[in-house]
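Chains as they are written, first to last, in the numbering used here: chain H, 139 to 336; chain B, 139 to 336. C-beta: ideal position from N, C-alpha, C; glycine also. Computed from a predicted structure; not experimentally measured. Please read the structure below before turning to the comments.
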DNA sequence: CAACACACATACACTCCGTATGTCAACTCA
DNA sequence: TGAGTTGACATACGGAGTGTATGTGTGTTG
């Protein structure tokens, strides 16, 4: 079995390590996750890890990149399904809140990522979600729907608001009820961006 | 010298350890800070640390509590100086952004705190900044200035937006310019909370 | 003043990361 | 095709760090 080339094998081990790391980081957090346990669960040793990713942070970076790409793709799809850009922006924001409820996203991308890798906008993956939101804001400004302001700033604050909303929902007792309140508050805040009719 | 009672001595060692920890955590981050180095700089050993704080996280919690109390007090003062509650809310938000630019606050309270202690609202100190903002929002709702919505949700999102704004400013090349953009965006977003004249 | 309590120091066991070295299969090329 | 080489990964080792168990000296109390 397995007529694989060396490069294919290597891609496979990378994928296995990243998959194990996603689980371990999400469950125990980056700091508490043991590389020995990680690699063992993937049927490998730390040798493979250091060979492929350099060090522990390198593995975290790879995991974050993968998650971020998935999140950006989902946000794009959801935004595209909306009737117009404004509804798209709101839908993206709500989607971001809901994604941030998943342990993998919350723990790895939103908590450990910034703590161990630094500011998200400086990541190699360039924080796809942020870019997605920024582009939507830029379109809305061009259309005159949103007030002229720095799109990067707006995207930053919107995503930040969504993140904290998600942390709140994730830690509360009644997620159903709190999620509704958080989404409502997000919508209200976002409306501040709208160009006033006045 | 030193006609001190035992309890006074203990308070003093706690204060010394917390002070050293603030420096070390802010400079190296919680994970990379060594307890041996920490305590040595305070003229003590790890024995004192484990006796007073239980474990490394306990020390982080104590540091975070202290910083949080200071931040809440500053926010309260700044909010009180404003002419009305609405200006107070904006001033608090801007102050929060500016405080988050200080390395101690950013690194310890905003990055390592959530990563190692979990959701801020569940901290024993109960996140004074958040409570401060929430109370201001409650007053504004009572006055009919802000739309009726969940004050906790609004406070959460506002603080989250401010936090991300600060991370952005701290990591950028031109803090002066970016800070202005961030503050502007914050103001615009916050205006979404205002009751529409309709 | 004798006995205790307690704040803190010391010593030890364990885990974990990173690196240096080893090994074996896959690829190359004569 | 087979000897040499490369490279992906495993193994072995050293250093550092946390947490705990035990020791010690000073302050407190009856």
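Reduced DSSP category for residue i - H, G, I as helix; E, B as strand; rest coil
| i | result |
| --- | --- |
| residue 332 of chain H | strand |
| residue 193 of chain H | coil |
| residue 172 of chain B | coil |
| residue 105 of chain H | This structure gives no information on residue 105 of chain H, because the portion of chain H shown stretches from 139 to 336. |
| residue 180 of chain H | coil |
| residue 185 of chain H | helix |
| residue 167 of chain H | coil |
| residue 145 of chain B | helix |
6 Å Cβ shell around residue i - same chain, five flanking residues per side excluded
| i | result |
| --- | --- |
| residue 214 of chain B | 270 |
| residue 304 of chain H | 235, 238, 239 |
| residue 263 of chain H | 203, 206 |
| residue 313 of chain H | 307 |
| residue 177 of chain B | 183, 184, 187 |
| residue 210 of chain B | 266, 267, 270 |
| residue 233 of chain B | 213, 216 |
| residue 152 of chain H | 190 |
| residue 158 of chain B | 176, 179, 180 |
| residue 227 of chain H | 274 |
| residue 317 of chain H | 307 |
Classification of residue i by the beta-carbon crowding that lies within 10 angstroms, buried from 16 upward
| i | result |
| --- | --- |
| residue 289 of chain B | buried |
| residue 258 of chain H | buried |
| residue 181 of chain B | exposed |
| residue 222 of chain B | exposed |
| residue 266 of chain H | buried |
| residue 311 of chain B | exposed |
| residue 315 of chain H | exposed |
| residue 272 of chain H | buried |
| residue 252 of chain H | buried |
| residue 145 of chain H | exposed |
| residue 175 of chain B | exposed |
| residue 349 of chain B | Because chain B here runs from 139 to 336, residue 349 of chain B falls outside it and cannot be looked at. |
| residue 217 of chain B | buried |
| residue 171 of chain B | buried |
| residue 192 of chain H | exposed |
| residue 280 of chain H | exposed |
Beta-carbon contacts of residue i that lie in its chain and below 7 Å, excluding the five residues immediately before and after
| i | result |
| --- | --- |
| residue 355 of chain H | Here chain H has residues from 139 to 336 only, and residue 355 of chain H is not among them. |
| residue 224 of chain B | 278, 283 |
| residue 331 of chain B | 284, 285, 292 |
| residue 173 of chain B | 184, 187, 194 |
| residue 422 of chain H | Absent from the model: residue 422 of chain H. The displayed extent of chain H is 139 to 336, so no value can be given. |
| residue 231 of chain H | 296, 300, 324, 328 |
| residue 220 of chain H | 226, 229 |
Cβ-based neighbour list, residue i, same chain, cut-off 8 Å, excluding 5 preceding and 5 following
| i | result |
| --- | --- |
| residue 246 of chain H | 160, 163, 164, 168, 198, 201, 202, 205 |
| residue 276 of chain B | 289 |
| residue 334 of chain B | 285 |
| residue 154 of chain H | 180, 181, 182 |
| residue 255 of chain B | 195, 198, 199, 202, 261 |
| residue 248 of chain B | 238, 301, 304, 305 |
### Query
Given a limit of 9 Å on CB to CB distance, which residues of the stretch 256 to 278 of chain B reach chain H?
Those residues of the stretch 256 to 278 of chain B placed with their C-beta closer than 9 Å to a C-beta in chain H are 256, 257, 258, 259, 260, ordered along the chain.
### Task
Using a Cβ-Cβ cut-off of less than 7 Å, give me the residues of the stretch 167 to 178 of chain B that come near chain H, in sequence order.
Within the stretch 167 to 178 of chain B, the residues whose Cβ lies closer than 7 Å to some Cβ of chain H are 169, listed in chain order.
### Task
Please specify which runs of the alpha helix (DSSP H), each continuous and at least 4 residues long, are wholly inside the stretch 209 to 290 of chain H, giving them in chain order.
Qualifying alpha helix (DSSP H) stretches, in chain order: 223 to 237, 251 to 255, 266 to 280.
### Residues, ordered as in the chain, of the stretch 284 to 307 of chain B that lie near chain H by beta-carbon distance below 7 Å
Of all residues in the stretch 284 to 307 of chain B, 285, 287, 288, 291, 292, 294, 295, 297, 298, 299, 301, 302, 303, 305, 306 have a Cβ within less than 7 Å of some Cβ in chain H.
### Query
For the stretch 215 to 234 of chain H, which residues have a beta carbon sitting closer than 7 Å to at least one beta carbon of chain B?
If you check each beta-carbon in the stretch 215 to 234 of chain H against every beta-carbon of chain B, none falls closer than 7 Å.
### Message
Any C-beta of chain B within less than 7 Å: which residues of the stretch 313 to 327 of chain H qualify?
### Response
Identification of residues in the stretch 313 to 327 of chain H having a C-beta nearer than 7 Å to some C-beta of chain B yields 319, 320, 322, 323, 324, 326, 327, given in sequence order.
### Message
Give me the subset of the stretch 236 to 250 of chain H whose CB atoms are less than 7 Å from a CB atom of chain B, sorted by chain position.
### Response
Among the residues of the stretch 236 to 250 of chain H, those with a Cβ less than 7 Å away from any Cβ of chain B are 249, 250, in the order of the chain.
### Query
Using a beta-carbon distance cut-off of less than 9 Å, what residues from the stretch 181 to 203 of chain B approach chain H?
Answer in chain order: no residues at all.
### Query
If you measure beta-carbon to beta-carbon, which residues of the stretch 147 to 165 of chain H are closer than 8 Å to chain B?
Shown here is that no member of the stretch 147 to 165 of chain H has a Cβ falling below 8 Å from a Cβ of chain B.
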